[in-house]
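Enquirer:
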Amino acid sequence: MTPEQRYEALAAADARALEALADRILAAGVQVSVADGPESVSAPVRVCMPGSQGNTVVLGHVALTRCSVVVNGTRGDGIRPGCDFPGAVAAAVCDAESERGGALTTDVTELCMATRREVADRRSEWADLVAMTRLDVP
-10 MTPEQRYEAL AAADARALEA LADRILAAGV QVSVADGPES VSAPVRVCMP
40 GSQGNTVVLG HVALTRCSVV VNGTRGDGIR PGCDFPGAVA AAVCDAESER
90 GGALTTDVTE LCMATRREVA DRRSEWADLV AMTRLDVP
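In terms of our numbering, the sequence shown opens at residue -10 and continues consecutively.
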């Protein structure tokens, strides 16, 4: 799993499972410092306009919470949808644990893989629903 895939999976992971895993990492006696955040930010949702030579239009903004921590000298970054300070910190702690190859790296990877499967299943369900949708023009 690439760092980007891990980062994306931690952003979408179940909050309780994510925070429980971060608590286990912290309980192992690691040294943790907050490098940045946690803070709520707004990010634009952009889409390309057809036939506009790559120009984009902003459809709106989404609220995100981000955080960066250092665990035993290794930086970890986390982002979560909405205003989720504990989740962003937990995601950053889990990211740092995986990045440094700590004792719970396998658990972080398992959480990420489970999350990726859940996201893929949800996308598949939505695709099936969209495929069943018909628009009849009178």
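Where is the CB? At the ideal position from N, CA and C, for every residue including glycine.
Got a sec? Which residues, its chain only, sit under 6 Å from Arg105 by beta carbon, not counting five neighbours each side?
Expert: Closer than 6 Å at the Cβ level, and outside the excluded window around Arg105, lie Ala(-2).
Enquirer: Could you tell me whether the Cβ atoms of Gly71 and Asp84 are closer together than 7 Å?
Expert: Result no, Cβ atoms of Gly71 and Asp84 do not sit closer than 7 Å.
Enquirer: Does the count of Cβ pairs from the segment 99 to 119 and the segment 12 to 30 closer than 8 Å reach three?
Expert: The answer is no - the segment 12 to 30 does not touch the segment 99 to 119, with fewer than three Cβ pairs under 8 Å.
Enquirer: Using three-state DSSP, classify Leu93 as helix, strand or coil.
Expert: Correct three-state label for Leu93: coil.
Enquirer: With a 10 Å radius around its C-beta and 16 neighbouring C-beta atoms as the bar for buried, classify Ser22 as buried or exposed.
Expert: So Ser22 ends up on the exposed side.
Enquirer: For the putative contact between Ala32 and Leu48, defined by C-beta atoms under 8 Å, what is the C-beta separation to the nearest angstrom?
Expert: In fact, because the Cβ distance is near 12 Å, the residues do not count as touching under 8 Å.
Enquirer: Quick one: measure Cβ to Cβ for Ala77 and Pro27, integer angstroms, because I've assumed they're closer than 8 Å.
Expert: The pair is a contact, with the Cβ atoms about 5 Å apart (cut-off 8 Å).
Enquirer: Given a cut-off of 7 Å on the beta-carbon distance, is the pair Arg69 and Ala0 in contact?
Expert: Yes, the Cβ-Cβ distance between Arg69 and Ala0 is below 7 Å.
Enquirer: Here's the rule: buried if 16 or more other CB atoms are within 10 angstroms of the residue's CB, otherwise exposed. What is Ala2?
Expert: Ala2 is buried by the Cβ-count criterion.
Enquirer: Assign Ala24 to one of three DSSP states: helix, strand, or coil.
Expert: Reduced to three states, the DSSP call for Ala24 is strand.
Enquirer: What is the rounded straight-line gap between the Cα of Glu107 and the Cα of Thr94?
Expert: Rounded to the nearest angstrom, the two C-alpha atoms are 20 Å apart.
Enquirer: Since Arg55 is in the alpha helix (DSSP H), which residue starts that stretch and which ends it?
Expert: Arg55 -> not in any alpha helix (DSSP H); beta strand (DSSP E) instead, spanning Thr45 to Val60.
Enquirer: Please report the straight-line C-alpha distance between Ala80 and Ala103, rounded to a whole angstrom.
Expert: Using only the alpha carbons, I get a separation of about 15 Å.
Enquirer: Exposed or buried, which one is Cys101 when buried takes at least 16 other CB atoms within 10 Å?
Expert: Buried is the call here.
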